[in-house]
Structure formats: C-alpha cells, structure tokens
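These notes are about the structure you will find just below.
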Amino acid sequence: MSETSLLDPSVDHAIQAIVLGGSTESTCTTDLAAGPWDFDIRPGYGPGSSMGDVIPTGSPRQGELPQEYRDAGEDELHDRIRAAKLTLGERVVVLGHFYQREEVVRHADYVGDSFQLANAALEHPDAEAIVFCGVHFMAETADLLSGPEQSVILPNLAAGCSMADMADIDQVEDCWEQLADVYGPLDAADDEGLVPVIPVTYMNSSAAIKGFVGRHGGIVCTSSNAATVLEWAFARGRRVLFFPDQHLGRNTAKAMGVELERMPMWNPRRPLGGSTAGELRDARVILWHGFCSVHRRFSVDQIDKARAEHPGVRVIVHPECPMEVVDAADEAGSTDYIRKAIAAATEPTAFAIGTEINLVRRLAAQFPQHEIFCLDPVVCPCSTMYRIHPGYLAWVLEELVAGRVVNRIRVSDDVASPARVALERMLAAKPR
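See the structure below:
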C-alpha cells in the first residue's frame, strides 16, 4: 500500500483504484466499484462482506434513486448535501456510524458506534428529522428513542444487517417456548430471587427482538457495554440467552470467567438448539448461532503474518471476531475502544486492526504518526453499511428542504413500548 493511499481515508477511492489498475491491493468483489443503486432492485445484501449471506424473504428494498443523484459526481453531491444542511439548519441532525464510507461521514453531525449514536438521538429533541447513516436496526433504535413528532430517515432502505437477520422474532419465540419446557416457568424466581434465564440481545437486532427482550425482563447491549450488561443479567437470572452474535457473547462471557462448556450454542433449526436438556440446565450463557460477516473474515493466520512483518505490532480486534482471533490479539474492544486506544498512543506504533475497513482507513489518515493497517489485506467493506452513498444522503436532505419526508423508519406502538424498556436499561448500563 502506498503512503498516499494510507493518507486517503476513502475506501471508495481505494476500490476504484483497484478496478482501474492503479493499485496493487485486492478487493473481495469489483462490484463494489458500482453505485449501490445498481443492486437496489435485486434481493441480497449487496457486494461486500455479507454478499454470501442468505437474506430473509420480504427484507426492505430501496426504490429507484432519481437519475440526477446517480449521475452526480462526488464534488457535486458534497456541495448539494452541504447546501441542504445549511438550509435545514437545526431542523435536521445527521448521524454517521464509524463504518460508513468517508464521503458520508464527512457530513455527519455525530460519528460514533451504535451506543454513542443511540445517545446522540436522545440529545436532539427539537430536531424535526434524524437522518441515520447506518443500517436498519440503528434507525429503528433512533425511532424508539426519539420523540413522536420526529422523523427518523434511513437514506437507503436496503441497508440492513445480515447478523440482525440471523435471529428473527419467530425463531426467538420458539426458542423461549423450548427453554420453558426445560426450565419450567421462565418468570418464576427461585429462593435466591433469580429467574431461570434472562434474554440479552445485541443492539444489532430488530425492534421486534428488542421488544421481546423488554417483555421478558431482559436488556439490550452494545459491544461497548456487553460486560456490564451481562453482570446486570447474572444478578437477575441463573443464565443468559444471548443473541444474535455468538462471538460477542462468547468472548465477553469467557473474559468474565464463564467456562466454554457452559456456553452451548442454540441453532434455531434444531430441537433444543442442538443441545441436550442437561447441557441447557448446566448452561450459564446460551449463544445464538449468529455472526458478523465482516469480523468473521479475520483469522489467526493474519495476526501471525502481521507479527512476522511488523515486529512489535499492537493487534487490536473487535469482540465480534471469533474467539481464537480475540485470544491471539493483544486487545479486543468496541470500535470506540479501538479509536481511543490509538488516540492515546504517545509513541509511533504499528497497529494491526481487526474491524471494518472504513474505520481502519479513517484512523490511518487521522493518526499518520502511526502505521495503522487492517488485518485483512483484502478490501471488503460491510455490504450493508456501504449501501449508504452520498447520492442517497443528498436525496433525502433535498426532499426535506422541499417539505417531503422519504424513507421514514417507524416502529409500531405494540413493539415500541417494551423495546424502549430494554433500551432504557441498556442506556443505564454505562460501560466502565
């Protein structure tokens, strides 16, 4: 990788250079060079890390983006977004996830992880619209936390999350019924005041799942506060049902001293999730069979190669990575943890980072005194985060200027009420 490309945080620029033959890097698919609107009418998550994942029938699709936005260049879109934001002023707030492409993040009023952006949504009660540059479950969360008169907008409705889709409400309800057959009434506390199981869902889940958790005495977590949330759950239940990401659940519980043999996997396509009743009774954490396709790309071989080529390298990975990768790394932490660790380094350091490539490139540009690179040498961004393009952001903002709200995300009242309970518990569980 050249010094120039290190200083350019744009993954889109890197992919275009690969396709045009101006870079020696590689990408998981050259389809990433096309506009996301080329894939809006097709089923699937789109090109990138999740392109091999099976998308549920009926997943949201994005309607056709007007031609003027598809034809506009990067500079024109930048000017149009900036002009629309200037016109709208405090009527709109734009939230951008760390994993968004640089051409979108540059226009965000707040950039952060899911926990930080959930709080940011709460801090703007007077904004008429919250434009969430992230994925569907994040926009749902913002709708749950915002006022009823506020509109939450997702610039591209096809920006879903394959991990979130790995646990649907019907599967989770069925799991709960099977667990009741093993444990007895799930709302009955024992002599120590503990119920048989507390449901914990990762933020990367649908509003329906969050509502389920809220109805059954559970809580939502993020990668920032997962350990704090598990402590909260263990204080109330004998065991935890953790979904949808098995790796975050396993890595967090293991770091807290839970033995691996007491963390059975729940496969929703098998009776009792593929475990015996005895294994479930002895369980401390029941892990759902879900994963993040971005973080599953990282491997121990990549860490070994980084150490061989960069003596003294500091390896930091996200806890959504497989356990063996987390164990081989020097540290594991949320996207915000990774950012803060690099910012706090006082001496020039080589960092090998195991998380989404947009954040890694941005950090490399922001901290040029360090050598910062992604463990995965293949440029392969999150398929669904990459569906948000500045063309969509310009479109939704200019529609707001014209007095029209498009792509509004709404959660039904019957789901919203219990989901808010679970989210309020999450927001109170501040990470240490």
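For the sequence shown, our numbering gives the first residue as 1, with consecutive numbering after it.
In this text, a Cβ means the ideal position worked out from N, Cα and C, and glycines have one as well.
- Runs of alpha helix (DSSP H) with 4 or more residues, each lying fully within the stretch 46-92, are found at 67-71 and 74-88, listed in chain order.
- Residue 250 has its alpha-carbon roughly 28 Å from the corresponding atom of residue 343.
- Between the C-alpha atoms of residue 208 and residue 172 there is a straight-line separation of about 10 Å.
- Here the C-alpha atom of residue 323 lies approximately 43 Å from the C-alpha atom of residue 149.
- When the beta-carbon positions are compared, residue 15 and residue 27 come within less than 9 Å of each other.
- Boundaries of the beta strand (DSSP E) around residue 130: 129-133.
- In this chain, the beta strand (DSSP E) harbouring residue 350 covers 350-354.
- Rounded to the nearest angstrom, the gap between the Cα atoms of residue 183 and residue 215 is 18 Å.
- Distance from the CA atom of residue 112 to the CA atom of residue 98, rounded to whole angstroms, is 5 Å.
- Taking a cut-off of 8 Å on C-beta distances, the stretch 49-67 touches the stretch 292-305, as three or more cross pairs fall below it.
- Going by beta carbons, residue 131 and residue 95 fall inside the 9 Å limit.
- With respect to the 9 Å criterion, residue 115 and residue 224 are classified as neighbours on the basis of their beta carbons.
- Assignment of residue 362 by DSSP, reduced to helix, strand and coil, places it in the helix class.
- Bridge partners of residue 401 according to DSSP: none are assigned.
- With respect to the C-alpha of residue 345, the residue from 353, 360 and 367 having the closest C-alpha is 367.
- Between the stretch 374-383 and the stretch 354-365 there are three or more C-beta pairs closer than 8 Å, enough to call the two in contact.
- Residue environment for residue 228: buried (at least 16 other C-beta atoms within 10 angstroms of its C-beta).
- Counting only residues of its own chain and dropping the five nearest sequence neighbours on each side, residue 365 has a CB closer than 6 Å to the CB of 7 and 9.
- Annotation for residue 288: the continuous beta strand (DSSP E) segment containing it runs 285-288.
- Taking one beta carbon from each stretch, the stretch 311-322 and the stretch 268-282 have fewer than 3 pairs nearer than 8 Å; the two do not touch.
- It is roughly 29 Å from the alpha-carbon of residue 425 to the alpha-carbon of residue 90.
- Just measuring C-alpha positions, the residue of 335, 337 and 140 sitting nearest residue 210 is 140.
- Sequence-distant Cβ neighbours of residue 418 in its own chain, meaning closer than 6 Å and more than five residues away, are 211, 214 and 215.
- Excluding residues up to 5 positions away in sequence, 256 lie with their Cβ nearer than 8 Å to the Cβ of residue 231 in the same chain.
- The alpha-carbon separation between residue 305 and residue 336 amounts to approximately 25 Å.
- When the beta-carbon positions are compared, residue 102 and residue 31 stay at least 9 Å from each other.
- Distances from the alpha-carbon of residue 146 to those of 154, 314, 163 and 119 put 119 closest.
- Look at residue 43 here: in three-state DSSP terms it is coil, with no helix or strand label.
- Collapsing the DSSP output to three states places residue 337 in a helix.
- Annotation: residue 200 is outside any alpha helix (DSSP H); the continuous beta strand (DSSP E) that includes it extends over 198-202.
- Rounded to the nearest angstrom, the Cβ distance from residue 265 to residue 289 is 6 Å, consistent with a contact under 8 Å.
- With respect to residue 153, residue 400 sits close: the two C-beta atoms are nearer than 9 Å.
- Between the alpha carbons of residue 347 and residue 234 lies a gap of roughly 40 Å.
- Burial check for residue 143: the Cβ neighbour count within 10 Å reaches 16 or more, so the residue is buried.
- Residue state for residue 28 is assigned as coil, using DSSP reduced to three classes.
- With a contact defined as Cβ atoms closer than 8 Å, residue 204 and residue 159 miss out at about 13 Å.
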